[in-house]
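J.: Just so you know, we're using my numbering here: the sequence shown kicks off at 10 and counts up by one.
Glycine included, each C-beta is placed from N, C-alpha and C at the ideal position.
Below is one structure. I have some questions about it.
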Amino acid sequence: MTKLLTRMLGMAAIGWAAAPLHAESLTLASPDGKIIVTVTDDGGQATYAVSFEGGQVIAPSKLGMIFAEHHGFDRGLTIAGSARASSDTTWEQPWGERRLVRDQHNELAVTFAPDAGPARQITVRFRAFDTGIGFRYELPEQAALRGDMNIVEELTQFGVGEKTTMWYTPSDEFNRYEYVTRTGPAGTVDDAHTPATFRNEAGIHFSIHEAALVDYSSMSLGALRAGNFEARLRNWSGGPKVKTAAPFKSPWRTIQVAREAVGLINSDIILNLNEPNKLGDVSWVEPGKYVGIWWAMHINEKTWGSGPIHGATTAETKRYIDFAAEHGFAGVLVEGWNIGWDGDWFNNGDLFRFTEPMPDYDLAELGRYAQSKGVRLIGHHETSANIANYESQMEAAFDLMQTNGVRAVKTGYVADAGDVVRVDENGIRRNEWHDSQFMVGHHLRVVEAAAKRRIAINAHEPVKDTGLRRTYPNWMTREGARGMEFNAWGTPPNPPSHEAMLAFTRMLAGPMDFTPGIFDLRPNERPPVHADGPRGDPSNRPQTTLAKQLALYVVLYSPLQMAADLPENYEARMDAFQFIKDVEADWEESIALVGEVGEYVAFARQGRKSKEWFLGAVTDENERELSVSLAFLEKGKRYRAQIYRDGPDAHWDTNPYAMVIEEKAVTGGEAFAVRLAASGGVAVRFIPEG
Ligand code: NOJ
């Protein structure tokens with residue numbers, strides 16, 4: 010009866026569409042009252058808007074959805090009901106940037122119903138936190154919406170403003186997420202992956218992304234009018250954007266908002282909008298540092314395929330295991346260990362055998378040898394994005410890994426965007442995108458198959474991170490941006506601003522397996538291993554100082570953190586290597602202290618095990634003086650600071666190795682000043698005294 014009445018009132022409102030008096034408008038405030046979301050059905054159009062401290066962040070922007078088989082929710086809508094809730098809880102992460110995560114938010118669920126056609130409704134649930142908002146569509150089961158509900162268009166828009174500065178990577182290019190971050194006025198951008206970062210004319214920073222991407226396709230930002238983006242969903246090959254049926258819930262669309270750029274980093278809303286751990290006891294998920302037979306292939310010292318310089322041999326793996334054991338690393342990654350790498354592996358994904366080691370790689374012996382030394386092998390499944398081939402072997406492949414003591418597997422999906430291979434129910438080969446609903450589902454199938462064997466996943470060429478590590482804590486890390494490997498062969502290599510940019514863009518999504526710690530900063534100038542072997546372009550090299558390589562262990566978070574260089578390069582610089590040995594990969598607390606997008610950033614993180622604090626700061630091509638407050642240390646307490654900083658004349662291009670390693674007494678609460686060289690950095694370990 011009430012519903013009927015509401016619908017009648019709704020129809021009246023439509024009849025008076027021109028008169029704003031009859032439009033309903035609801036607001037939701039963040040707990041501190043600074044962020045306000047306004048939701049209306051003005052003119053029969055569902056819209057939302059977001060403001061921060063009274064200034065507009067998102068202009069009134071459309072909401073809605075269109076289906077292939079049914080009427081959509083696109084026009085003639087009225088607010089048919091709403092419900093409010095508030096919550097303030099704290100939950101514990103098994104591993105992460107911080108152990109305790111506070112989830113404090115206010116909620117408003119708004120139900121919209123169309124005035125024409127069969128009775129049906131859709132709810133948009135909003136949550137407002139002090140650091141941003143999230144909203145998602147919820148389509149309940151209902152008589153008028155039976156059967157397939159394939160989504161042809163999600164109508165969500167984001168009116169960010171034409172002149173708002175935007176930092177983004179393009180969403181429709183062959184190299185997936187692996188682009189140097191671009192910047193420009195939002196009004197000049199055609200399409201962008203999320204997270205995309207913005208600073209409006211009032212100096213407010215915000216970031217658009219999504220949380221809990223499950224059984225749906227990824228959202229990118231497609232330009233409509235200049236400065237106004239729509240949620241563009243990746244489509245299936247020859248099909249809709251999303252295959253679904255009622256009831257369903259979309260992923261959360263998230264808008265983080267902060268005055269200072271670092272406020273975007275100091276936000277947990279992506280994790281808070283994900284479901285709690287579904288795996289139960291995950292004590293077997295072990296954060297830690299690893300080394301591996303990896304960089305050697307990227308700099309042409311070794312090969313993935315068989316031959317005279319095959320990397321994954323039993324002897325070479327033992328060398329890495331010994332090195333790991335001696336220096337306290339938990340894992341050894343080995344790539345190129347299985348059948349399928351010979352020839353053009355980029356294009357021959359159907360040849361990979363995930364249970365058949367190469368003849369010169371004794372997996373059983375190495376699994377045993379590693380464990381006898383307190384180390385574990387890290388497995389590698391490069392699929393070249395042939396999902397049909399991989400999924401047919403996946404269960405057996407993880408069984409084999411488990412049998413050999415493996416607790417983490419790196420997966421890989423090397424292929425151009427849109428070239429993922431799926432074989433459909435009729436046996437026809439289809440091509441899908443890395444960020445399609447199909448791949449969203451595939452990654453979770455992998456994560457679940459791995460979890461059954463107590464194995465964690467580190468996905469390369471993945472779908473972007475949307476915080477699912479909360480629900481599946483064995484999905485530990487991933488790539489999904491230009492990593493260190495671009496400095497081996499990615500003409501041009503990553504620019505000096507790259508890491509200070511990642512901190513405010515890609516890293517807002519979650520951990521990244523960037524693989525830092527390159528000590529030989531001109532890797533393509535090493536003497537050739539083979540007179541006629543392939544040589545890299547010498548201009549490909551990390552464009553950083555050595556101190557910046559160390560700082561990356563604090564700046565770029567990954568619970569599986571690689572020391573990526575060759576053992577011999579570490580042996581040559583044991584003084585600098587000491588920091589990599591000391592730094593942790595799992596944190597009790599993390600704080601982004603100061604920074605500007607793509608220019609510089611400083612982090613403080615407290616180790617989960619040792620409770621020691623670490624500081625890391627990096628800068629772009631500009632040298633700068635930085636003063637950070639040691640307020641994260643106990644006030645008035647004395648600490649020994651072990652400092653690894655750029656030497657006075659250090660410069661990434663001309664003098665990258667100039668580094669000062671020194672100890673200083675510092676007091677909690679005081680200011681800590683440091684000079685960063687051009688593309689330099691600083692890494693500090695604080696040891697409490699007394
Ligand atoms: C690309 C990955 O990012 C890299 O880490 C890996 O070594 C190669 N693919 C081969 O799988």
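1. Looking only at C-alpha atoms, which of I88, A125 and F363 sits nearest to V119?
2. Three-state secondary structure (DSSP) at L565?
3. Taking 8 Å as the cut-off, does the stretch 232 to 248 touch the stretch 551 to 565 (at least 3 CB pairs, one atom from each stretch)?
4. Report all residues from its chain with a CB closer than 7 Å to the CB of G19; omit the five preceding and five following residues, and keep chain order.
5. From E404 to A458, what distance separates their C-alpha atoms?
6. Suppose the cutoff is 6 Å on Cβ atoms and the five residues either side in sequence are ignored; what does the same chain contact list for G489 look like?
7. Label F355 either buried or exposed according to how many other C-beta atoms from any shown protein chain fall within 10 Å of its C-beta, with 16 as the threshold for buried.
8. Starting from the C-beta of A397, find all residues in its chain whose C-beta is less than 7 Å away, skip the five residues before and the five after it, and write them out in chain order.
9. Which first and last residues belong to the beta strand (DSSP E) in which Q552 is found?
10. By DSSP, does P532 sit in helix, in strand, or in coil?
11. Does any heavy atom of the ligand NOJ sit closer than 7 Å to the C-beta of W303?
12. Would you kindly report the start and end of the unbroken alpha helix (DSSP H) that includes E335?
13. Could you give the distance in angstroms between the alpha-carbon of N357 and the alpha-carbon of E580?
14. Taking buried to mean at least 16 other C-beta atoms within 10 Å of its own C-beta, is K618 buried or exposed?
15. Would you kindly work out how many angstroms separate the C-alpha atoms of T326 and L280, rounded to a whole number?
16. Short of 8 Å in beta carbon distance, which residues of its chain neighbour T99, apart from the five on each side in sequence? Order them along the chain.
17. For R614 versus V675, is the C-beta distance shorter than 8 Å?
18. At a cut of 8 Å, does the stretch 260 to 269 reach the stretch 311 to 318 through at least three beta carbon pairs?
19. Would you give the residue range spanned by the alpha helix (DSSP H) that A399 belongs to?
20. Is E634 near the ligand NOJ, judged by its Cβ being under 7 Å from some heavy atom?
21. Using CA atoms only, rank isn't needed, just tell me which of L148, K172, E171 and E106 is closest to E163.
22. Hey, how far is the Cα of Y146 from the Cα of E534?
23. Please report the straight-line C-alpha distance between A77 and G248, rounded to a whole angstrom.
24. Per DSSP, Y146 forms a beta bridge with which residues?
25. Which residue marks the beginning of the alpha helix (DSSP H) containing L386, and which one marks its end?
26. For E295 and chain C, any beta-carbon pair shorter than 8 Å?
27. Look up M516 in the DSSP assignment and say whether it is helix, strand or coil.
28. Could you say if the stretch 150 to 163 and the stretch 172 to 190 meet the contact criterion of at least three C-beta pairs nearer than 8 Å?
29. So, helix, strand or coil for T197, using DSSP?
30. In whole angstroms, what is the alpha-carbon distance linking A205 and E219?
31. Considering only heavy atoms of the ligand NOJ, does any lie closer than 7 Å to the CB of V423?
32. I need the straight-line Cα distance from R582 to L72, nearest angstrom please.
33. Applying the criterion that 16 or more other CB atoms from any shown protein chain within 10 Å of the CB defines a buried residue, is P537 buried or exposed?
34. Between which two residues does the alpha helix (DSSP H) holding H451 run?
35. E295: beta carbon under 7 Å from a heavy atom of the ligand NOJ?
T.: Walking through what the data contain:
1. Counted from its first residue, the sequence shown places residue 119 at position 110. Among I88, A125 and F363, the Cα nearest to that of V119 belongs to I88.
2. Mapped onto the sequence shown, residue 565 falls at position 556. Note: L565 maps to coil in three-state DSSP.
3. No, they do not touch.
4. Position 10 of the sequence shown, counted from the start, is the residue given in the question as residue 19. A caution first: G19 carries a pLDDT of 34, below 50, which makes its placement in the model too unreliable to give a value.
5. Numbered from 1 along the sequence shown, position 395 holds the residue referred to as residue 404. Numbered from 1 along the sequence shown, position 449 holds the residue referred to as residue 458. Rounded to the nearest angstrom, the two C-alpha atoms are 7 Å apart.
6. The count along the sequence shown starts at 1 and reaches residue 489 at position 480. If we look at G489 and ignore the five residues flanking it on each side, its Cβ neighbours are Y186, P471 and K473.
7. Residue numbering aside, residue 355 sits at position 346 when the sequence shown is read from its first letter. F355 comes out exposed.
8. The residue given as residue 397 occupies position 388 in the sequence shown. Closer than 7 Å at Cβ, skipping near neighbours: V430, R431 and V432.
9. The sequence position of residue 552 within the sequence shown is 543, counting from 1. For Q552, no beta strand (DSSP E) segment is defined, and its DSSP state is neither H nor E.
10. The residue you call residue 532 lines up with position 523 of the sequence shown. If DSSP states are grouped into helix, strand and coil, P532 belongs with the helices.
11. Locating residue 303 in the sequence shown gives position 294, where the first residue counts as 1. In this structure, W303 has its beta carbon less than 7 Å from a heavy atom of the ligand NOJ.
12. Position 326 of the sequence shown, counted from the first residue, corresponds to residue 335. Its alpha helix (DSSP H) spans residues T323 to H336.
13. Reading the sequence shown from its first residue, position 348 is the one you call residue 357. Reading the sequence shown from its first residue, position 571 is the one you call residue 580. Rounded to the nearest angstrom, the two C-alpha atoms are 37 Å apart.
14. The residue labelled residue 618 in the question sits at position 609 within the sequence shown. Exposed is the call here.
15. To locate residue 326, count along the sequence shown from 1; it is residue 317. To locate residue 280, count along the sequence shown from 1; it is residue 271. One C-alpha to the other measures close to 37 Å.
16. Within the sequence shown, residue 99 is the residue found at index 90, counting from 1. Here the set comprises L109, V110, R111 and D112.
17. Taking the first residue of the sequence shown as 1, we reach residue 614 at position 605. Taking the first residue of the sequence shown as 1, we reach residue 675 at position 666. Contact flag unset, no.
18. no
19. Indexing the sequence shown from 1 puts residue 399 at position 390. As written in the sequence, residue 399 is Tyr, which differs from the Ala given in the question. Where Y399 is concerned, the enclosing alpha helix (DSSP H) stretches over I396 to T412.
20. The sequence position of residue 634 within the sequence shown is 625, counting from 1. Not under cutoff, so the answer is no.
21. Counted from its first residue, the sequence shown places residue 163 at position 154. E163 has its Cα closest to that of L148, out of L148, K172, E171 and E106.
22. Mapped onto the sequence shown, residue 146 falls at position 137. Mapped onto the sequence shown, residue 534 falls at position 525. CA-CA distance, Y146 to E534, rounds to 54 Å.
23. Locating residue 77 in the sequence shown gives position 68, counting from the first residue. Locating residue 248 in the sequence shown gives position 239, counting from the first residue. Cα to Cα, A77 sits roughly 10 Å from G248.
24. In the sequence shown, residue 146 corresponds to position 137, counting from 1. V133, per the DSSP bridge assignment.
25. Here residue 386 refers to the residue found at position 377 of the sequence shown. Premise fails: L386 lies in the beta strand (DSSP E), R385 to E391, not in any alpha helix (DSSP H).
26. In summary, chain C is missing from the structure at hand, where a single protein chain is found.
27. Looking up residue 516 in the sequence shown gives position 507. Helix, per DSSP.
28. no
29. In the sequence shown, counting from the first residue as 1, residue 197 sits at position 188. DSSP places T197 in helix when its eight states are reduced to three.
30. Position 196 of the sequence shown, counted from the start, is the residue given in the question as residue 205. Position 210 of the sequence shown, counted from the start, is the residue given in the question as residue 219. Whole-angstrom Cα-Cα distance: 10 Å.
31. Within the sequence shown, the letter at position 414 stands for residue 423. Checking every heavy atom of the ligand NOJ against the Cβ of V423, one is found closer than 7 Å.
32. Working through the sequence shown from its first residue, we reach residue 582 at position 573. Working through the sequence shown from its first residue, we reach residue 72 at position 63. Roughly 56 Å separates the two Cα atoms.
33. Here residue 537 corresponds to residue number 528 of the sequence shown, with the count starting at 1. Looking at its Cβ environment, which holds fewer than 16 other Cβ atoms inside 10 Å, P537 is exposed.
34. In the sequence shown, the residue the question calls residue 451 occupies position 442. Here the alpha helix (DSSP H) through H451 covers Q446 to K461.
35. Here the question's residue 295 lines up with position 286 in the sequence shown. No - the ligand NOJ has no heavy atom lying nearer than 7 Å to the Cβ of E295.
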